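A quick write-up on the structure given underneath.
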Amino acid sequence: MTTSAAAPRRILLGITGGIAAYKAAELVRRLREQGAQVQVVMTEAATRFVTPLTFQALSGRPVRTGLWDEAAEAAMGHIELARWADLVLVAPASADFLARLAGGRADDLLATLCVATEAPIWVAPAMNRLMWSNVATRANLATLVGRGVRLLGPDSGSQACGETGEGRMLEPAAIVEALRGVGSTGALAGLNVVISAGPTREPLDPVRFISNRSSGKMGFAVAAAAREAGAHVTLVSGPVSLPTPAGVRRVDVETAAQMYAAVHASIGDADLYIGAAAVADYTPACCESQKIKKTSDCLELSLHRAPDILASVAALERRPFTVGFAAETTEVEKHALAKLVRKRLDLIAANEVGTDRAFDREDNALLLLWPGGRRELALKSKADLAREFVAVVAERYRDAQRSVAQPVPAAV
Ligand code: PMT
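Residues 500 to 911 in my numbering are what the sequence shown lists, from first letter to last.
Next comes the structure, spelled out in structure tokens:
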């Protein structure tokens, strides 16, 4: 198995004021173990929690704290420092710092560097749960994510203030894991990819549900292949009994409505969405609170349309590159093409399903269709097929990016 999981080489680590600043010491150590050079920049508030000396010893470089330090500026000016970084990581990122970043402020060294850099910026927020859920913080985050700032966490759990909830800084090991592949040469290096996999279950009563034969194997193989290609993968999975591929963030759901919510919760900063799940098209109009009794010879079920997750992602104003699957028993290409057009997809992977095909098998074959193109991927193990599929998706994604970036010809 190939892996493209090196961390970026030159990391500018911003540390802002918060009790989680102590975790940044462990972060520096782990990043250096991965071979990264780490330049620490602390805000004034951060120096009240941990001394710059600690980080100097761990990073092996003098820590920068102010815009007006003449000796440090003479060695490497702040603009030079902003250019030096392959990646800016702010961990912990306080509510105040996120507000200043969203506002484009340049009122201390770290904020100035963030405004001056062309490197990708990642933030690992850490704050009290109420500060995290405050509308102003949410609005600042939405602004930052909209600008391409990448979010790491936060975790939920017990907090330094004695409360419990969301807002804990992600553990250093998880941050380092998330940064693997950023700056790598994999075909999806550094991209955020959301993938759905497995079946959904639509409950009829407390003990029965409507579902299908999907095992999740295809979607999980795609998640592993995307991770191998350097992507940050969120895998939204229906009920399956498969282990989570290494380095993949997994969200478990049961129903189509839950899958819809989980996909949309992660889609904000996604570059790609791949819908490999076999989502219910219809869901019971109501779920009985008690077990349905056997009272007559015939039982009629009333079903409503379930939300179409794939179409809803493709319809977003800021939509990711959107890839669907089509499971067909007849006229595979014709039906898949119709779905490609109707759901406004960038690419569709069609597979013939039925007895002994695709569902719950170790192998599969796919026909890939996109506007103006097609490619057949012959029958092979789902792991190998997923790698080929991901390579084509990456190629199509890059093509789409290039055409968006084409300058509009000047009017003559
Ligand atoms: O899980 P395995 O056992 O490995 O089997 C793999 C697979 C056959 C399930 C997989 O390869 C596959 O084809 N997945 C898509 C199954 C499906 O629901 O196809 P569809 O043609 O009904 O739907 C078209 C697309 O719309 C799919 O991307 C689906 O995820 C999406 N959809 C469908 C319904 C719905 N309510 N919301 C959706 O997003």
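C-beta atoms are modelled at their ideal positions from N, C-alpha and C, and glycine is treated no differently.
Just so we're clear, the structure is a prediction, and the values are computed from it rather than from any experiment.
For tryptophan 583, the closest alpha carbon among the candidates Ala615, Gly603 and Met758 is that of Ala615. Fully contained in the region 794-839 are the following beta strand (DSSP E) runs of length 3 or more, in chain order: 802-804 and 820-827. Rounded to the nearest angstrom, the gap between the Cα atoms of glutamate 816 and leucine 650 is 20 Å.
Residue environment for aspartate 796: exposed (fewer than 16 other C-beta atoms within 10 angstroms of its C-beta). Beta-bridge pairing by DSSP links tryptophan 869 to Gly872. The beta carbon of proline 744 is closer than 7 Å to those of Phe719, Ala722, Ala723 and Arg726 in its chain, skipping five residues each way along the sequence.
Residues of the same chain with a CB within less than 7 Å of the CB of glutamate 875, apart from the 5 flanking positions on each side, are Leu866 in chain order.
Taking the CA atoms as reference points, arginine 529 sits about 49 Å from arginine 804. With three or more CB-CB distances shorter than 8 Å, the region 587-597 counts as touching the region 510-517. Sequence-distant Cβ neighbours of proline 561 in its own chain, meaning closer than 7 Å and more than five residues away, are Gln555 and Ala571.
Taking 8 Å as the cut-off, the Cβ atoms of leucine 846 and tryptophan 869 count as close. One thing to note: glutamate 827 has its Cβ within 8 Å of the Cβ of glutamate 851. Counting only runs that start and end inside the region 559-632, the beta strand (DSSP E) elements of at least 3 residues fall at 586-592 and 620-624.
Counting the other Cβ atoms within 10 Å of the Cβ of leucine 878 gives fewer than 16, which makes it exposed. Taking C-beta atoms under 8 Å as the contact rule, arginine 508 and glutamine 538 fail to qualify, at a distance of about 12 Å. Contact between the region 690-708 and the region 728-740 is present, with at least three C-beta pairs closer than 8 Å.
A contact between stretches requires three or more CB pairs, one per stretch, nearer than 8 Å, and the region 617-635 meets this requirement with the region 652-669. Between the region 768-783 and the region 706-716, the count of Cβ pairs shorter than 8 Å is three or higher; the stretches touch. Where threonine 663 is concerned, the enclosing beta strand (DSSP E) starts and stops at 663-667.
Set against 7 Å, the gap from the CB of alanine 784 to the closest heavy atom of ligand 1 is not smaller.
In the DSSP assignment, isoleucine 514 falls within the beta strand (DSSP E) that extends over 509-514. Aspartate 607 sits buried, since 16 or more C-beta atoms from the chains shown fall within 10 Å of its C-beta.
Residues of the same chain with a CB within less than 8 Å of the CB of proline 806, apart from the 5 flanking positions on each side, are Ala755, Ala756 and Tyr759 in chain order. According to DSSP, tyrosine 781 shares a beta bridge with Arg804.
For proline 806, the CB falls within less than 7 Å of some heavy atom of ligand 1. Counting every other CB atom within 10 Å of its CB across the protein chains shown gives leucine 678 a total of 16 or more, marking it as buried. Within its own chain, the residues whose Cβ lies closer than 6 Å to the Cβ of proline 619, once the five positions on either side in sequence are excluded, are Leu586, listed in chain order. Around tryptophan 631, the same chain offers Glu665 and Gly666 as residues with beta carbons nearer than 6 Å, after the five sequence neighbours per side are excluded. The beta carbon of alanine 581 sits closer than 7 Å to those of Leu612, Ala615 and Thr616, all from its chain and outside the five residues before and after it, given in chain order. With a cut-off of 7 Å, the C-beta of leucine 809 is classified as near ligand 1, since at least one heavy atom of the ligand falls inside that distance. Leaving aside the five residues that flank cysteine 660 on each side, the residues in its chain whose CB is nearer than 8 Å to its CB run, in chain order, Asn627.
A straight line joining the alpha-carbon of aspartate 704 with that of aspartate 770 spans about 38 Å. For arginine 726, the uninterrupted alpha helix (DSSP H) segment begins and ends at 716-727. Note on geometry: alpha-carbon atoms of proline 551 and glycine 559 lie some 12 Å from one another. Under the DSSP assignment, tyrosine 772 falls in the beta strand (DSSP E) whose first and last residues are 771-774.
Taking 7 Å as the cut-off, the C-beta of glycine 697 counts as close to a heavy atom of ligand 1.
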